[in-house]
């Protein structure tokens, strides 16, 4: 079984190679036209402080919501871009993205948190900030407030007018049973390189999974790439293929955003096939090792990949809209003013 110490000398060379190319994050990335680092400086200067202050309260009560918000942003951006389409409820035209199989396990409270943040921001600034931008900021704060890196988020997204179909959702959200090769091929189509893919997978350092997402590795026969003790502990929690229990994604520090996810992979303790295979695959193994050895390097590459992801197929300028309610298109609201007023007290628990 591979260990950090046995791989140190090789990985040190790898790390030195990576460190020479680490970029200054805000300067390194070319922004999509219409996005800006200072988009709301005049129209809503307190936007980010409003979001962060509220999320500090939310996470103090339940740090698990950090993973929920981060995952919500991933599932939004991978399907027709970061347009908050995943937030839309289904309508007469058909079921929304939330009803597609990959999204059924998204946390219900994550949707309510985003709409509550939208209410707070709109009450302070008027309807000038999109649900898509609020979702992107919330994901960044979920990372930072659970121990990860802080970084600037380019803003100026508009909300989409339509949700994606079930087939489009299935085609664009990577499955936990995917191999590393399949993951690399899928995300290469979105302009992510292997380093981006491994870095984004590091989001699994926080959060939970249902047993059904990985019991294929336990039954009927155990996946040989899974550590024996790790597998036995999982079997105790997930006694059969259809178990409805949950378990943590990162056994070392499940509520802290750090690089222990990669340490898990080196010790054959990755939960999903898509996780563990990153260490098995020759194209990604060295990247996993470098992140396991150096958390700062992981943070830098994760930040670059997240900013890149947050700009996927965004709507800007005259495209899209700014929803008065994150779950409903403005055209479906009979009266925008009554919707906003009604929701002022909708989430009093916050």
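Residue numbers (mature numbering (1 follows the signal peptide of the UniProt record, and there is no 0)): -28 to -1, 1 to 322. Just so you know, even glycine gets a beta-carbon here, dropped at the ideal spot from N, CA and C. This structure is a prediction, so every number in the text was calculated from the model and none was measured.
Local conformation of residue i per DSSP, three classes
{"i": "residue -23", "result": "Any reading at residue -23 is ruled out, since the residue's pLDDT is 38, under 50, leaving its predicted position unreliable."}
{"i": "residue 219", "result": "strand"}
{"i": "residue 289", "result": "coil"}
{"i": "residue 122", "result": "coil"}
{"i": "residue 304", "result": "helix"}
{"i": "residue 266", "result": "coil"}
{"i": "residue 165", "result": "coil"}
{"i": "residue 131", "result": "strand"}
{"i": "residue -2", "result": "Unreliable positioning characterises residue -2 in this predicted model, as indicated by a pLDDT of 48, which lies under 50. The coordinate reading is nonetheless provided below. Residue state, collapsed to three classes: helix."}
{"i": "residue 10", "result": "coil"}
{"i": "residue 227", "result": "coil"}
{"i": "residue -7", "result": "Confidence is the limiting factor: at residue -7 the pLDDT is only 35, short of 50, which leaves the residue's position unreliable and the question unanswerable from this model."}
{"i": "residue 297", "result": "strand"}
Endpoints, the beta strand (DSSP E) within which residue i is located
{"i": "residue 180", "result": "180 to 182"}
Host alpha helix (DSSP H) of residue i (start-end)
{"i": "residue 23", "result": "19 to 33"}
{"i": "residue 105", "result": "103 to 117"}
{"i": "residue 244", "result": "Premise fails: residue 244 is in no alpha helix (DSSP H) and is neither H nor E."}
{"i": "residue 210", "result": "No alpha helix (DSSP H) contains residue 210, which DSSP labels as neither H nor E."}
{"i": "residue 46", "result": "36 to 50"}
{"i": "residue 176", "result": "It is not in any alpha helix (DSSP H) - residue 176 carries neither H nor E in the DSSP assignment."}
{"i": "residue 156", "result": "152 to 160"}
{"i": "residue 140", "result": "138 to 144"}
Distance between beta carbons of residue j and residue i, contact taken as under 8 Å
{"i": "residue 129", "j": "residue 252", "result": "At roughly 36 Å, the Cβ-Cβ gap does not stay under 8 Å, so residue 129 and residue 252 are not in contact."}
{"i": "residue 79", "j": "residue 37", "result": "7 Å"}
{"i": "residue 59", "j": "residue 210", "result": "Not confirmed; about 31 Å, so no contact."}
{"i": "residue 274", "j": "residue 121", "result": "7 Å"}
{"i": "residue 259", "j": "residue 167", "result": "6 Å"}
{"i": "residue 119", "j": "residue 34", "result": "At roughly 16 Å, the Cβ-Cβ gap does not stay under 8 Å, so residue 119 and residue 34 are not in contact."}
Beta-carbon proximity check, residue i vs residue j, cutoff 8 Å
{"i": "residue 117", "j": "residue 106", "result": "no"}
{"i": "residue 237", "j": "residue 250", "result": "yes"}
{"i": "residue 286", "j": "residue 54", "result": "yes"}
{"i": "residue 169", "j": "residue 190", "result": "no"}
{"i": "residue 145", "j": "residue 50", "result": "yes"}
{"i": "residue 82", "j": "residue 142", "result": "no"}
{"i": "residue 127", "j": "residue 246", "result": "no"}
{"i": "residue 277", "j": "residue 180", "result": "no"}
{"i": "residue 101", "j": "residue 294", "result": "yes"}
{"i": "residue 214", "j": "residue 184", "result": "yes"}
Q. Three or more beta-carbon pairs under 8 Å between the stretch 134 to 153 and the stretch 15 to 26, yes or no?
A. no
Q: Would you be able to state if there are at least three C-beta pairs under 8 Å between the stretch 262 to 270 and the stretch 188 to 208?
A: no
Q. Any contact of the stretch 124 to 140 with the stretch 159 to 167, i.e. 3+ C-beta pairs under 8 Å?
A. no
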